[in-house]
Amino acid sequence: MAGRINTMNEMNLRGRGLHKTYGDVNALAGVDIDIAHGEHVAIMGPSGSGKSTLLHVLSGILTPDEGQVTIGSIAVSGLNDAKRSELRRRVLGFVFQDGQLVPELTARENVAFPLLLTGISRRKAMKTADSWLERLGVRSQANKRPGEMSGGQAQRVAIARALVHDPAVLFADEPTGALDQATGHEVMQLLTATAKMNGTTLVVITHDTKVASWCERLIEIRDGLIHYDGAVTR
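Numbering (full-length UniProt numbering), first residue to last: 1 to 234.
See below:
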C-alpha cells in the first residue's frame, strides 16, 4: 500500500449501497455517494441521522453491513483490520471536535507522531512538524502540551497533525464544536485554505450551517438516507 500513496491523491471517494444497522436502528439505509478528488463537502443532519456513521464507514473506521467503499482503486470495506489501519495512517487524515491530541506529548511531538508511525526518522519528522506548525500559525506552541494551549491553538495543532502526511482525504467531525464562534471561523478558514492548497479532499461533519458554508457542496442526511445533495447556499 505504501507504494500507492502518491497516486492516491488523484483518486475519488465512492460509496455504493451502504447499510449499517445498530439493533433496530438503520443508521445507513442504502447510501450512494461520490466525492471527487479535491472537493470540499459538508455533511449535515440532526442527531441520530447517520452522518457520523457515514463518516466512519467512508473512512474505514467501521465496516458497512452491506455495500462498498472505494478510495481510488482500493476497496476499503474489503480490507482486513490491519490493512484498514494502515490505510488510515498513510492515506487519510482526521480532525475531531476535541482534537484528540495526546496529552503527554508536546505540539511538535503530536504533529510528528503520524510520520513516526510510517517509519520516517525522528529528526525528519520533527523538522516536518515544525514546518506545519509554522504554516498554521502555532510554531510558538511547539514545546507546549495540549493542556497548556487554548482551544483554538490545540485545534490548529490537530489540523497540522491531520495534514502532515499529505493525506488524500481529510475527515473532520464537528471540528469547531468545542470552540467559540470567532475561533471556529478562524479554524475553518485555515482548514479549508490549507486543504485546498494541498489538493486534499475534505469531508466535514457538522450541525452548523456557518461551518458548512465553508465547503463547496452540502449533503443532508436524515434517517440514514441522503435527502439533499447540491451546492452550499451562502
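Don't be surprised by glycine CBs; every beta carbon is placed ideally from N, CA and C.
Inset, instruction - Would you identify the three-state DSSP class for Asp173, choosing helix, strand or coil? - result: Correct three-state label for Asp173: strand.
Inset, instruction - Just list the alpha helix (DSSP H) runs in the stretch 38-126, keeping only unbroken ones of 4 residues or longer that don't cross its boundaries, in chain order. - result: 51-58, 81-90 and 107-117
Legend entry - Reference Gly50, options Asp34, His165 and Val25, closest by Cα: Val25
Legend entry - Same chain, Cβ closer than 8 Å to Arg139, neighbours up to 5 away in sequence not counted: Asp130 and Leu133
Inset, instruction - Kindly list the residues whose CB is nearer than 6 Å to the CB of Asp98, restricted to its own chain and excluding five residues on each side of it in sequence; keep chain order. - result: Shown here for Asp98: same chain residues with a beta carbon closer than 6 Å to its own, the five before and five after excluded, namely Ala178 in chain order.
Legend entry - Met11 and Ile61 closer than 8 Å at C-beta: no
Legend entry - Rounded C-alpha distance that separates Lys83 from Glu216: 31 Å
Legend entry - 6 Å CB neighbourhood of Pro146 in its chain, flanking five on each side removed: Leu101, Pro103 and Ala154.
Legend entry - Whether Gly30 touches Gly17 by CB criterion (8 Å): yes
Inset, instruction - Look at the alpha carbon of Leu117 and the alpha carbon of Asp208, and state the distance between them as a whole number of angstroms. - result: 34 Å
Legend entry - Through-space distance from Ser59 to Lys196, alpha-carbon basis: 20 Å
Legend entry - In DSSP terms, what Gly230 is bridged to: Leu218
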